[in-house]
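> Read top to bottom, the protein sequences are chains Z and D. Its first residue numbered 0, the first sequence is counted upward by one per residue in numbering that gives the first Met the number 0. Its first residue numbered 0, the second sequence is counted upward by one per residue in numbering that gives the first Met the number 0. Could you have a look at this structure, given as structure tokens, before my questions?
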Amino acid sequence: MRETYYKPEDLKKFEDVGEFGPELAEKFFDYYGAVFEEGALSAREKALIALAVSHTVQCPYCIDAYTTDSLEKGASEEQMMEAVHVASAIRGGSSLVHGVQMMNKTKDLSM
Amino acid sequence: MIKSLKTQHHKLSDPAYQLHVLNDHSESLRNQPKFREKLEEINLYPLKPTGIEIFQMNVGYMCNMTCKHCHVDAGPDRTEVMSKETFKQCLEALRNSKAETVDLTGGAPEMNPHFRWFVEKVSALGKHIIVRSNLTILTTAPKYQAMPKFFAEHGVEVTCSLPFYNKSRTDRQRGEGTYDRSVEALKKLNAIGYGKEGSDLELNLVYNPAGAFLPGGQESLEKDFKRQLKRKHGITFNNLFTITNLPISRYLNFLLESGNLEEYMDRLITSFNPAAAQGVMCRNTISVGWDGTLYDCDFNQMLEMPVEEQAPRHISEWNELKLNNREIKINQHCFGCTAGAGSSCGGATT
Numbered sequence: 000m001r002e003t004y005y006k007p008e009d010l011k012k013f014e015d016v017g018e019f020g021p022e023l024a025e026k027f028f029d030y031y032g033a034v035f036e037e038g039a040l041s042a043r044e045k046a047l048i049a050l051a052v053s054h055t056v057q058c059p060y061c062i063d064a065y066t067t068d069s070l071e072k073g074a075s076e077e078q079m080m081e082a083v084h085v086a087s088a089i090r091g092g093s094s095l096v097h098g099v100q101m102m103n104k105t106k107d108l109s110m
Numbered sequence: 000m001i002k003s004l005k006t007q008h009h010k011l012s013d014p015a016y017q018l019h020v021l022n023d024h025s026e027s028l029r030n031q032p033k034f035r036e037k038l039e040e041i042n043l044y045p046l047k048p049t050g051i052e053i054f055q056m057n058v059g060y061m062c063n064m065t066c067k068h069c070h071v072d073a074g075p076d077r078t079e080v081m082s083k084e085t086f087k088q089c090l091e092a093l094r095n096s097k098a099e100t101v102d103l104t105g106g107a108p109e110m111n112p113h114f115r116w117f118v119e120k121v122s123a124l125g126k127h128i129i130v131r132s133n134l135t136i137l138t139t140a141p142k143y144q145a146m147p148k149f150f151a152e153h154g155v156e157v158t159c160s161l162p163f164y165n166k167s168r169t170d171r172q173r174g175e176g177t178y179d180r181s182v183e184a185l186k187k188l189n190a191i192g193y194g195k196e197g198s199d200l201e202l203n204l205v206y207n208p209a210g211a212f213l214p215g216g217q218e219s220l221e222k223d224f225k226r227q228l229k230r231k232h233g234i235t236f237n238n239l240f241t242i243t244n245l246p247i248s249r250y251l252n253f254l255l256e257s258g259n260l261e262e263y264m265d266r267l268i269t270s271f272n273p274a275a276a277q278g279v280m281c282r283n284t285i286s287v288g289w290d291g292t293l294y295d296c297d298f299n300q301m302l303e304m305p306v307e308e309q310a311p312r313h314i315s316e317w318n319e320l321k322l323n324n325r326e327i328k329i330n331q332h333c334f335g336c337t338a339g340a341g342s343s344c345g346g347a348t349t
């Protein structure tokens, strides 16, 4: 019986998800690889976006992977922290902006 | 002053212990594929030279710095420097060699007392000279401050270390104040024409990761470095060479102390690139140690793995034909040169 849900060594087994469904896994990993290729956005910019999203979805595997990837792509600590703040701002902002809904409803209900 | 591993009598200053760590430190390392097996899989074993093009000389382990990643374990407390007699033997070998490039490294090569004399002699032979400068030495004593002009007079290519374009990461790896002094040296080099458009004076930077990760794409990092150094300091340069840190000496010590060794080796091994293996620098380079001993590369030199016994093992016995037929010595550290886009003293190899 496993004692924890998350184990660092499981990150290396990501591609093993193909074991229970190779066709879809292959399509996914082809797509995944293509997404991160240098394009209109640089590989470093994509790594920083992935880092920010990793924090939004709070995926420990993704945070590990895209911290390393951002460092390898030449991102500075300042850039990486700014990316996390972008995630945090959108996440916090998405709560706060619903305050308008609360205000609207309050006003609808109030005399 | 930070002491070298050797002065500390650290067990990792023993090359045999380093090789033991790389092969046997843990079950994970024992179970990793061997470099030899990976070469056999692609029919590249035994690894043979393609012909000596680069004559690399380590003129001494003395340095004004004690960088955390240094594979040489260089520092102010190291006293090994090449003697004039050995320099003369190198000149003799070069006269009879097809190698067109003489690559001077250390330590800080400028600190060798015979450095200027030797550069003048090699320059007269018409060979292309590269000096691997740590930059900060060029901001110290007046005799070193005069070096950029001396380099320019002899058309020396200057290839210098700058692990990152910001202060915090550079200083963490190479010591407090390094970034500012490097910027000062780069400005001096630019001022006399190094790295400037339309100039023949070549100025290259070496990027190596400041931690347990691999270098990213050389081309995109070069663009970043060029943009940032120009914007922040008005500095220009020719090329950026990305170099993978090899797991030996002080960098191996860092990997062990930080608990990153197994993960880093796994990363190097899983990133093995057959094309990079074809282009490893030991195939077109010979490395001469400060005492004249011949090695396949500077890393093998630090691991005290001289060229195979059948080949000439000292500069005084130079025989290019025999050296070109030697079998290159390998071990687990070699995965550092074959990971990803490959790594050499001239940067990525693929």
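For every residue, glycine included, the Cβ atom is placed at its ideal position computed from N, Cα and C.
1. From D:Trp317, D:Cys296 and D:Asn42, pick the residue whose C-alpha is nearest to that of alanine 274 of chain D; which is it?
2. Using a Cβ cut-off of 7 angstroms, pull out every chain D residue sitting near serine 41 of chain Z, in sequence order please.
3. What did DSSP end up calling tyrosine 30 of chain Z once you bin it into helix, strand or coil?
4. Is there a C-beta anywhere in chain D that falls below 8 angstroms from the one on glycine 73 of chain Z?
5. What would DSSP say about valine 353 of chain D, mapped onto helix, strand or coil?
6. Which value, in whole angstroms, describes the spacing of the CA atoms of histidine 54 of chain Z and isoleucine 62 of chain Z?
7. Could you tell me the boundaries of the alpha helix (DSSP H) in which asparagine 252 of chain D lies?
8. Going by CA-CA distance only, name the one from D:Glu261, D:Glu84, D:Leu251 and D:Asn237 that's closest to tryptophan 289 of chain D.
9. For leucine 93 of chain D versus valine 121 of chain D, is the C-beta distance shorter than 8 angstroms?
10. I need the DSSP call for serine 219 of chain D, collapsed to helix, strand or coil.
11. Would you list, in chain order, the members of the segment 221 to 233 of chain D that have their beta-carbon closer than 7 angstroms to a beta-carbon of chain Z?
12. Check each residue of the segment 45 to 69 of chain Z: if its Cβ is closer than 7 angstroms to any Cβ of chain D, include it; give the result in chain order.
13. Counting Cβ pairs, one atom from each stretch, are 3 or more of them under 8 angstroms apart for the segment 34 to 51 of chain Z and the segment 70 to 83 of chain Z?
14. Using 10 angstroms around the beta-carbon of tyrosine 250 of chain D, count the other beta-carbons present and answer buried if the total reaches 16, otherwise exposed.
15. Assuming tyrosine 206 of chain D is part of the beta strand (DSSP E), what are its boundary residues?
16. Determine, using beta carbons only, whether serine 257 of chain D and alanine 211 of chain D come nearer to each other than 8 angstroms.
17. Name, please, each residue of chain D whose Cβ falls closer than 9 angstroms to the Cβ of glutamate 76 of chain Z.
18. Is the segment 126 to 136 of chain D touching the segment 148 to 164 of chain D, taking contact as three or more C-beta pairs under 8 angstroms?
Well, looking at it:
1. D:Asn42 is the residue among D:Trp317, D:Cys296 and D:Asn42 whose C-alpha sits nearest the C-alpha of alanine 274 of chain D.
2. From the beta-carbon of serine 41 of chain Z, the residues of chain D found nearer than 7 angstroms are Ser219.
3. Shown here, tyrosine 30 of chain Z sits in a helix according to DSSP, grouped into three states.
4. For glycine 73 of chain Z, the nearest beta carbon of chain D is closer than 8 angstroms to its own beta carbon.
5. The structure shown does not extend to residue 353 of chain D, since chain D is modelled only from 0 through 349, so no value can be given for it.
6. The C-alpha of histidine 54 of chain Z lies about 7 angstroms from the C-alpha of isoleucine 62 of chain Z.
7. Per DSSP, asparagine 252 of chain D belongs to the alpha helix (DSSP H) from 248 to 256.
8. Ranking D:Glu261, D:Glu84, D:Leu251 and D:Asn237 by Cα distance to tryptophan 289 of chain D puts D:Glu84 first.
9. Going by beta carbons, leucine 93 of chain D and valine 121 of chain D fall inside the 8 angstroms limit.
10. Correct three-state label for serine 219 of chain D: helix.
11. Under the 7 angstroms Cβ criterion, the segment 221 to 233 of chain D contributes Asp223.
12. Of all residues in the segment 45 to 69 of chain Z, the ones placed with a Cβ closer than 7 angstroms to any Cβ belonging to chain D are Thr67, in chain order.
13. The segment 34 to 51 of chain Z, when compared against the segment 70 to 83 of chain Z, does touch it at the 8 angstroms Cβ threshold.
14. By the Cβ-count criterion, tyrosine 250 of chain D is buried, with 16 or more other Cβ atoms from all chains shown falling within 10 Å of its own Cβ.
15. Per DSSP, tyrosine 206 of chain D belongs to the beta strand (DSSP E) from 202 to 206.
16. Alanine 211 of chain D is positioned such that its CB atom lies closer than 8 angstroms to that of serine 257 of chain D.
17. In chain order: Asn165, Ser167 and Arg168.
18. Yes: the two stretches touch, three or more of their Cβ pairs being nearer than 8 angstroms.
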